[in-house]
Structures are given as C-alpha cells and as structure tokens.
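Residue 1420 is where the sequence shown starts when you use the working numbering, and the numbers rise one by one after that.
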Amino acid sequence: MRNGYFRQAGPSFTSQPHYYSYHSSYTFQPNYAPLSQNYAYQTSPYVPNQINQTSVSNIAVSRNQTDHTSSNVPHPGPHQNWIYQPSDTYFFLGDHNASYYIFPYEADPTTEIVIRGRYPYARYFTFNVANIPTHRLVDAIVGRDLIPDPGSTNPFFPGGNWDATNRNYTLKIRFTEPPEGSNLFVPDAGNNVIYAGTLESGAPNRTGFIILRIYVPSIGYDKTGGVDLPFITYAQNSSLPSAAFQTTTPPHQLDFDDFRYLNEVANMNTRNNIENNFRQNVDLTWKRFGPEFLQPEGNTIYTISTLIDRDPNKLLYIRWKAPTFPDTYHNFGISGDEDMQYWSMNFVTPVGMLGLYTISDYQTIIDNEGYVNLVISFGAQRPSSVTSENGYTWVDASQLPLVPLFLIYRNNQISEDFIQYTAADIAPGEIVTPQDMGEYYQSGIYLDPMDFEQA
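Here it is, written out as structure tokens:
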C-alpha cells in the first residue's frame, strides 16, 4: 500500500465506462486539487493563433551585439534579455501550464554565463543548455538540484520551507570540459556550474540556447512564479586565466532544415500502419516518445498516442491511475513522498509541432479510487452522467484546429521508487503496453455517448 492506494496487478478496461460515487472529501486528499479552482479551460480548450507573432517578431538582440568588435562572441557586459516563447510556438510541443524563456548564446572557453535568480513559487523549473547545430541537449538542471546561495533556502528540497523569503540561487555555465572525475553539473552554494563546452561526440559546443521552463505558478503569482526572470550576464570565465575573446568557428546559420527532424519524429505514428499496432482491449496505442531537443531532463518520460479518431459521434474515454504530485498550486510545500513532480495530457499536432491544449494533474478530477476518467468530445454532446460529481473530467476538443491530432502524456521529475510504473524502460519509438505501466497505463477506448447513460 502506498499513498493510500493499493497497486493492482494490471489495469482492467471493459467495454463500458466505470461509475463511481463521488466523495467530496477526495479534494482534501494530499497532492490533489480539483478541476474547478481557477481553471480557465473547463469546457473549451485553448485554440491557438495560426501564427504567433510574438515568437516571430520579438527575436531579441542582446545589448552587446551592436558593439563593433572583432569577434561574434560578446564581451562581458550588461545583463542580457530572455525571449519569451508562448506554449503554442511552432516546433515547441509546448505544455500550456508552462512558461518558456530562451536565451540564444554564442560562447567560447573564455566565457561564462552567470544566472542569478530566486526560486519561483511554482511546481518546478528547469534550465536546459542545448546545442543548435546538432539539436542535442548538452545538460539540464532542475530547481531542486541547485544549491542555494549562502543564507538562502531552496524550497524545492523535500520538506523545504515553501514560504522562505531568502530563496536566491546562482548558476554558471562554462564552455569548458568539467574537472577530471566530475559530472557536467557541479553543485555548490552560490556557485552551481554546468560545464557545457563539449558535446557527447567530443566536438566543442559554441552556439545554442539556454531554455528556462517554469511550470504551474502557484495561485496568486505571475508566470515567473512571483520572482521575475533571473538576471543573466556574460562574464570572464573565473576558472581560466584572462584572455581575449576569440572565435575560430564561423557561426552556424539556422534554416528550416535544422528543425526538419523534429517533424519526422512527430510524424512517425502517421507513417506506421496503425492496424499493426499493439492492442489489448483498448483503441489507443502509446509509444515512448523521445525527441532529444525537447527533452527537459533525464527523469522525464513522454509517451505519445496513435492518431486520434475525431469522430463527432463518439467520445474518447481514457482511464488511468493518477500518480501523486505536490499541491504547490495552493502553496503547499513538497514533501518528497510524491510519485512525481508533475504530469499532464497534451493535445499536439505534427503540423508545425504545435502544442494545442493541456490538461494536467491539478486540473483533473480524480475519483475516490485514485483514477482519472477523462472524456474527450469532438462534437458529441456531454452525457448527463459525465460530471465531476461522478468523477469525470470533460474536455470539449471540437474547437481545436482540424489537423492530425495526437496525445502526449508527460511524466516530469519521477521519483526513484515510482519509475517502474512509467515507460522508462521502453526505447523511444517502441510500443508501451499495459504490462509496462500497470494501473498507471492510459487505457483509451471510443464509446457512444449512450454508453455512459447505461448504469
């Protein structure tokens, strides 16, 4: 028994929906929050613009780039600007409960990028360092791994003080190899360092993005989690002797081909013969999804469904055991006993690699047995029995653009003792079965609306 629920040998999924008596006390169970509180998309999913002008026109130029210097690598100087990337930005497959900020860099071994910030009031946050020419993630750090500055508290530590006033951290990114015997990330109070100078292939890393993700700000706080964006500057690498900034490698010119492989990965399900996919009393088949460039951090797992059948006369019913998560949205701290930090179900399309809509852990109804009963409509009317009181979460997806539609199930920051109930052991592109995830598998079938009315 764990977190108040028994693990069963495997999921059961019949041809008829399950019915449960709704118990209002479920909303007071630890780690769960009801759908109804401050949730803007209870009945109508978010419909994105065809093109997001913010992501196209607001490509910031760092304040140093107007200097007339002999090098493309900026000199140490004033603070730089983060670029906000909305969740529905092209090629991003964004989660609509997250805010994304990027900083494009070009650097050499004499450069270090210094990031000083405050731990946000949010579910979690991460920094990613990615290389553009290869589309590879160099390293990623989550907030709980950052040692706070002296005199400060990291509220993401298990049992940490969520309301701590002094919550400062410092992160440095150096474009050199790590010290002998060290990992790419070396934590230290006031001096956390990512060594991002070398790619896995041994080639030098000189150009790319730093990506900041902030998930689910707590109630009452803005998208930054109430702490504003971290302060980012270039500096001389303090671990090297003073030297002039130089670069011998011409900057990589980005074009659409740099992102083409992302669409190839997203389209792998449409190229497959769906009739040959694994089925076990379910209509949805799931595969492990692992696009390297989009991967936030090591213990985050994505699974992607087969192409969704948008039949306006049917309802897609998906049922799975809900992993527990911290209720930071209501400003409760992190105990460390949660199954994972965050999970969400995302509606995505390979057309532009767009994330169209997200429903996540704190926005779903969880029934008195700990299950999510997600009912998705593409035009069918809502059955009278499909209510939150009966333990259902309703999504009207009929307003989403008429493009090929898939679901991505995100499991973020999974605890070590829960990893066995995820698709962690499945290779990217391989089918995930109910036997792999047990009762936590997202079993999905298409039903007639009348099926829900039959008690």
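Backbone N, C-alpha and C fix where the C-beta goes; we use that ideal spot for every residue, glycine too.
- [ ] Closer than 7 Å by C-beta to Gly1609: which residues in its own chain qualify, once you throw out the five before and the five after it? Chain order, please.
- [x] For the purposes of this step, residue 1609 is taken as the residue at position 190 of the sequence shown. Result list for Gly1609: Asp1568, Pro1569, Thr1589, in chain order.
Open item on the list: Using a 10 Å radius around the Cβ and a threshold of 16 neighbouring Cβ atoms, would you call Ser1862 buried or exposed?
Closed with: Locating residue 1862 in the sequence shown gives position 443, where the first residue counts as 1. Buried.
Open item on the list: Which same chain residues end up closer than 8 Å to Ser1620 when comparing Cβ atoms and leaving out the 5 residues on each side of it in sequence?
Closed with: Stepping through the sequence shown from its first residue, residue 1620 is reached at position 201. Same-chain partners within the cutoff: Thr1553.
Task: Length of the line joining the Cα atoms of Tyr1460 and Pro1742 - done: Indexing the sequence shown from 1 puts residue 1460 at position 41. Indexing the sequence shown from 1 puts residue 1742 at position 323. Confidence at Tyr1460 is low in this model, with a pLDDT of 30, below 50, so the placement of that residue is unreliable and no value is reported for it.
TODO: Give the straight-line distance between the Cα atoms of Tyr1840 and Asn1656, rounded to the nearest whole angstrom.
DONE: Taking the sequence shown and counting its residues from 1, the one referred to as residue 1840 is at position 421. Taking the sequence shown and counting its residues from 1, the one referred to as residue 1656 is at position 237. Distance between the alpha carbons of Tyr1840 and Asn1656 is about 43 Å.
Task: Nearest candidate by alpha-carbon position, reference Arg1563, set Val1548, Tyr1540, Arg1555, Ile1551 - done: Locating residue 1563 in the sequence shown gives position 144, counting from the first residue. Out of Val1548, Tyr1540, Arg1555, Ile1551, Tyr1540 has the C-alpha closest to the C-alpha of Arg1563.
Open item on the list: Rounded to whole angstroms, what is the Cα-Cα separation between Gly1755 and Tyr1761?
Closed with: Counting from 1 along the sequence shown, the entry for residue 1755 is found at position 336. Counting from 1 along the sequence shown, the entry for residue 1761 is found at position 342. Between Gly1755 and Tyr1761, the C-alpha separation is close to 13 Å.
Task: Beta-carbon separation (whole angstroms), Tyr1524 vs Gln1504, contact threshold 8 Å - done: Taking the sequence shown and counting its residues from 1, the one referred to as residue 1524 is at position 105. Taking the sequence shown and counting its residues from 1, the one referred to as residue 1504 is at position 85. 15 Å between Cβ atoms; not a contact.
Task: Beta-carbon proximity of Met1764 to Tyr1828, cut-off 8 Å - done: Residue numbering aside, residue 1764 sits at position 345 when the sequence shown is read from its first letter. Residue numbering aside, residue 1828 sits at position 409 when the sequence shown is read from its first letter. Going by C-beta atoms, Met1764 is nearer than 8 Å to Tyr1828.
Open item on the list: Between the alpha carbons of Arg1729 and Thr1595, how many angstroms are there, rounded?
Closed with: By one-based count along the sequence shown, residue 1729 stands at place 310. By one-based count along the sequence shown, residue 1595 stands at place 176. Approximately 50 Å between the Cα atoms of the pair.
Open item on the list: In the DSSP output, which residue or residues are listed as bridge partners for Asn1792?
Closed with: Here residue 1792 corresponds to residue number 373 of the sequence shown, with the count starting at 1. Bridge partners of Asn1792: Arg1738.
Task: Buried versus exposed, by CB contacts within 10 Å (16 or more), Gly1639 - done: The residue labelled residue 1639 in the question sits at position 220 within the sequence shown. Exposed, by the Cβ-count rule.
Open item on the list: Using only the alpha-carbon positions, how far apart do Thr1806 and Lys1733 sit?
Closed with: What you label residue 1806 is simply residue 387 of the sequence shown in a count that begins at 1. What you label residue 1733 is simply residue 314 of the sequence shown in a count that begins at 1. Near 17 Å, if we compare the C-alpha coordinates of Lys1733 and Thr1806.
Task: Whole-angstrom distance between Asp1641 and Asp1815, CA atom to CA atom - done: The sequence position of residue 1815 within the sequence shown is 396, counting from 1. The sequence position of residue 1641 within the sequence shown is 222, counting from 1. Asp1815 and Asp1641: Cα-Cα distance of roughly 27 Å.
Task: Cβ separation of Leu1726 and Leu1775, assumed to be a contact under 8 Å, to the nearest whole Å - done: Walking along the sequence shown from the start, residue 1726 turns up at place 307. Walking along the sequence shown from the start, residue 1775 turns up at place 356. Actually they are not in contact, since the Cβ atoms of Leu1726 and Leu1775 sit about 14 Å apart, beyond 8 Å.
Open item on the list: So, with DSSP's three-state summary, where would you put Asp1564?
Closed with: Your numbering for residue 1564 matches position 145 in the sequence shown. The answer is helix: DSSP assigns Asp1564 an H, G or I state.
TODO: Could you tell me the distance, in whole angstroms, from the CA atom of Ile1560 to the CA atom of Arg1593?
DONE: Here the question's residue 1560 lines up with position 141 in the sequence shown. Here the question's residue 1593 lines up with position 174 in the sequence shown. Each residue's alpha carbon lies about 14 Å from the other.
Task: Residue(s) in a DSSP beta bridge with Pro1853 - done: Stepping through the sequence shown from its first residue, residue 1853 is reached at position 434. Looking at the DSSP output, Pro1853 shares a beta bridge with no other residue.
Open item on the list: Considering just the uninterrupted stretch of the beta strand (DSSP E) at Glu1525, what are its terminal residues?
Closed with: Taking the first residue of the sequence shown as position 1, residue 1525 is located at position 106. 1517-1525 is the span of the beta strand (DSSP E), which, as asked, contains Glu1525.
Open item on the list: With three or more beta-carbon pairs closer than 8 Å as the criterion, would you say the region 1779-1794 touches the region 1834-1852?
Closed with: no
Open item on the list: Can you find the residues in the same chain that come closer than 8 Å, C-beta to C-beta, to Ser1803, ignoring five residues on each side of it along the sequence?
Closed with: Within the sequence shown, numbered from 1, the residue matching residue 1803 stands at position 384. By the criterion of a C-beta distance shorter than 8 Å, Ser1803 is surrounded in its chain by Glu1872, once the five residues flanking it on both sides are discounted.
Open item on the list: So, with DSSP's three-state summary, where would you put Gln1499?
Closed with: On the sequence shown, residue 1499 is found 80 positions in, with the first residue counted as 1. Gln1499: coil per DSSP, three-state reduction.
Task: Span of the beta strand (DSSP E) around Gln1818 - done: What you label residue 1818 is simply residue 399 of the sequence shown in a count that begins at 1. It is not in any beta strand (DSSP E) - Gln1818 carries neither H nor E in the DSSP assignment.
- [ ] Compute every distance between the C-beta of Asn1611 and the non-hydrogen atoms of the ligand FMN, then say whether any falls below 7 Å.
- [x] The ligand content of the structure shown is nil, which means the ligand FMN is not present either.
Open item on the list: Measuring only the C-alpha atoms, how far is Lys1591 from Ala1549?
Closed with: Within the sequence shown, residue 1591 is the residue found at index 172, counting from 1. Within the sequence shown, residue 1549 is the residue found at index 130, counting from 1. One C-alpha to the other measures close to 15 Å.
Task: Assigned secondary structure, Ile1727 (DSSP; H/G/I helix, E/B strand, else coil) - done: Along the sequence shown, read from residue 1 onward, the residue named residue 1727 stands at position 308. Here Ile1727 sits in coil by DSSP.
Task: Residues that DSSP places opposite Asp1558 in a beta bridge - done: Along the sequence shown, one-based indexing puts residue 1558 at 139. In DSSP, Asp1558 forms a bridge with Val1548.
TODO: Could you have a look at Thr1768 and say whether DSSP puts it in helix, strand or coil?
DONE: On the sequence shown, position 349 is the one that residue 1768 refers to. Strand, per DSSP.
- [ ] Identify every residue that forms a DSSP beta bridge with Thr1652.
- [x] Taking the sequence shown and counting its residues from 1, one reaches residue 1652 at position 233. According to DSSP, Thr1652 bridges with Val1533.
Task: For Asp1647, the three-state DSSP class (helix, strand or coil) - done: As a first step, residue 1647 must be located in the sequence shown, where it is residue number 228. Three-state DSSP puts Asp1647 in coil, outside helix and strand.
- [ ] Could you tell me whether any Cβ in chain C is nearer than 8 Å to the Cβ of Trp1501?
- [x] Looking at the structure shown, chain C is missing, and only one protein chain is on hand.
Open item on the list: Using the three-state DSSP reduction, which class does Gln1504 fall into: helix, strand or coil?
Closed with: In the sequence shown, counting from the first residue as 1, residue 1504 sits at position 85. Gln1504: strand per DSSP, three-state reduction.
Open item on the list: On the DSSP letters alone, give me the boundaries of the beta strand (DSSP E) that Gly1627 sits inside.
Closed with: Here residue 1627 is taken as the residue at index 208 of the sequence shown, counted from 1. First-last of the beta strand (DSSP E) with Gly1627: 1626-1636.
Task: Per-residue burial, Thr1777 [other beta carbons within 10 Å of its own, 16 or more giving buried] - done: Translated into positions along the sequence shown, residue 1777 becomes position 358. By the Cβ neighbour-count rule, Thr1777 is buried, with 16 or more other Cβ atoms within 10 Å of its own.
Task: Candidates Gly1536, Ile1551, Arg1632, of which the one nearest Arg1586 by Cα - done: As a working mapping, residue 1586 is identified with position 167 in the sequence shown. Nearest C-alpha to Arg1586: Gly1536.
Open item on the list: Can you tell me whether Glu1599 is buried or exposed? The criterion is at least 16 other CB atoms within 10 Å of its CB, across all chains shown.
Closed with: Reading the sequence shown from its first residue, position 180 is the one you call residue 1599. Exposed, by the Cβ-count rule.
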